[in-house]
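According to the UniProt record's numbering, numbering within the sequence shown proceeds without interruption in unit steps and concludes at 458.
Report on the structure given below.
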Amino acid sequence: MLNSLLLAELTESIRLPENAPKPFTAVSTDTRKITKDALFVPLIGDRFNGHDFLNAAVSSGASAAIWQVGQPLPKELPNDFQLYFVKDTLAALQQMAKTYRQLVNPIVIAVTGSNGKTTTKDLLSAVLSLHGETYKTQGNYNNHIGLPLTILSMPSSTEYLILEMGMSGYREIALLSRLATPDEAIVTNIGESHMEQLGSREGIAKAKMEIREGLKDGGSVILDGDEQLLISYRNEETFTVGFSNDCNAVVSFIQPSETGYSFTYESAGRFEIPLLGLHNVKNAAYCIAVAKKLGLSDELIRQGLDTVSLTGMRLERQLGKRGETIINDAYNASPTSMIAAIETLKALPHFKKRIAVLGDMFELGQNEEAMHRNVVQAISAPLTHLVCVGEKAQWIADEWNKSANQTIAMYATTSKSDAAAYLQAIVDERSAVLFKASRGMKLEEIIQNYQFNERRND
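Quick look at the structure:
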């Protein structure tokens, strides 16, 4: 909540009048999420103008609004409703967030990367919350609008603020970093997401490393020490974590179990995570690196890692109605993360059937066909079934049909309903079923479909 003192600072930062109203309970750009006495910030997009919805904001309980000069006002407003005029409402929102971050002054950890941002954020939150009041990005509020809203929604008593930073092009991470001014930063990896906009993995690395631009003096950027594309970015502010011996912190003696992994981090001893996927060992190691830099004890770090609760659809393990194990990793996908998910499925012990349900991957650019076909390199025993769903996933199916190894049953379709019907026929209590695709595919609908034995139109 923005109390009177903080509100006074904020209003000064965007040149608002001196007669500020009572404290706002929240700041929102969405009239559907307005709460009583909230500040409404209408934004202007390509297909919408938030100023058109001021009356809806008032009806939902907003007590004030930032207003862009030149936008027409409704004819009738409550007498006590406050309007503050600015040149640009988006710039005002961002400036408010920057000022509020400085006033609350938590330790800020920024997390970016092609894959693993959300899991790393959740791991950090589990550990840091044992040491002090911790607030983290909710959902996918990780862009030039979502990040300011995240900052403005943190309690004024926050001690640790964990901010996820997403992007689709150059200079976006730079903007977010300058708004957040992180004390520590993490770049989880360099994959293929947004290849369509940035052209190459080298371009993606360049964009992700913009996170350094807002880094506080004395802060560090935790990097994947096994990523060759990041070698040229190493300097006195970077700290590398990985499996190779030239990393600043080496992760070794990795041991899988039915529920996760244990591993050794440098001289700090053994750590355990209740997470599937070898790549999550590295995500946990980034978390350990940050926590140790912030002075947390190894025992507290172990306790936090052991109790982590992940955001849904990130290698989320579920029990199906037939007794099968469902691995719901359908939130998003790139070639790197899809192959990692397949390897995770293959590593699961004690299943007679291992079924990979793979869908389209988006925003891969001009090489998207080759990238889909390349996934086939990971399709091997002990997988028993491959299900390809979607138009682009047919490239995976076609490449598999060309392979000499035909011991894995393959089913290809563009229909999620047909895929669900196929799964209904083959899934039993001895099955482990992976679902992996880009967000636009909404592949989790297949889980709901075959679980409840319904047929729906796609």
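By construction, the Cβ of each residue, glycine as well, lies at the ideal position given by its N, Cα and C atoms.
Quantities reported herein were computed from a predicted structural model and do not represent experimental measurements.
Judged by beta-carbon spacing, residue 152 lies within the 8 Å limit of residue 27, meaning their Cβ atoms are closer than that value. Of the residues 369, 51, 367 and 397, the one whose Cα lies closest to the Cα of residue 357 is 397. With a 10 Å radius around the Cβ and a threshold of 16 neighbouring Cβ atoms, residue 35 comes out exposed. No residue range can be given for residue 105, since it is assigned to no alpha helix (DSSP H) and is classified by DSSP as neither H nor E. As DSSP reads the structure, residue 385 sits in a beta bridge with 355 and 409. In this model, residue 52 and residue 94 are separated by some 21 Å (Cα to Cα). Spatial neighbours of residue 444 in its own chain (CB-CB distance under 7 Å, excluding positions within 5 residues in sequence) are listed in chain order as 313, 328, 330 and 435. Annotation for residue 431: the continuous beta strand (DSSP E) segment containing it runs 431-436.
Judged by their CB atoms, residue 213 and residue 177 are nearer to each other than the 8 Å cut-off. In this structure, residue 128 keeps its C-beta atom at 8 Å or more from the C-beta atom of residue 285. Residue pairing by DSSP puts residue 67 in a beta bridge opposite 85. The C-alpha of residue 73 lies about 19 Å from the C-alpha of residue 92. Three or more beta-carbon pairs separated by less than 8 Å link the region 337-347 to the region 365-384, which places the two stretches in contact. The region 122-139 makes contact with the region 156-171, as at least three CB pairs between them are under 8 Å.
Just so you know, the alpha carbons of residue 388 and residue 344 end up roughly 18 Å apart. Inclusion of residue 215 and residue 174 in the CB contact set at 8 Å is not warranted, their separation being larger than that value. For the pair of segments examined, the region 298-317 was found not to touch the region 414-426: the number of CB pairs separated by less than 8 Å stays below three. Here residue 76 is exposed: its Cβ has fewer than 16 other Cβ atoms, across all protein chains shown, within 10 Å. Non-local C-beta neighbours of residue 142 in its own chain, meaning closer than 7 Å and more than five positions away in sequence, comprise 164, 165 and 166, ordered along the chain.
Non-local C-beta neighbours of residue 87 in its own chain, meaning closer than 8 Å and more than five positions away in sequence, comprise 68 and 69, ordered along the chain. Beta-bridge partners of residue 168 (DSSP): none assigned. Bounds of any beta strand (DSSP E) do not take in residue 450; it lies within the alpha helix (DSSP H) bounded by 444-451. Annotation: the region 155-238 contains the following complete segments of the alpha helix (DSSP H) (minimum length 4 residues), in chain order: 172-180, 195-198 and 201-208. In the three-state reduction of the DSSP assignment, residue 95 falls in the helix class.
If you compare the alpha carbons of 101, 196 and 181 with that of residue 149, the shortest gap goes to 101. The three-state secondary structure of residue 135, taken from DSSP, is strand. DSSP places residue 128 in the uninterrupted alpha helix (DSSP H) bounded by 117-128. The three-state reading of DSSP puts residue 251 in strand, counting E and B together.
Closest in C-alpha terms to residue 348, from the list 381, 321, 370 and 361, comes 381. Taking C-beta atoms as the reference points, residue 189 and residue 115 count as a pair closer than 8 Å.
Residue 40 has 28 and 65 as its beta-bridge partners, per DSSP. Here residue 364 has 192, 195, 196 and 371 as same chain residues with Cβ atoms under 7 Å from its own Cβ, once five neighbours each way along the sequence are excluded.
With contacts defined as CB atoms closer than 8 Å, residue 432 and residue 354 qualify as a contacting pair. In this model, residue 60 and residue 31 are separated by some 7 Å (Cα to Cα). Counting along the chain, residue 266 sits inside no alpha helix (DSSP H), nor does DSSP assign it H or E at all. Its chain contains 388, 412 and 414 as the residues whose beta carbon lies nearer than 8 Å to that of residue 394, once the 5 sequence neighbours on both sides are disregarded; these appear in chain order.
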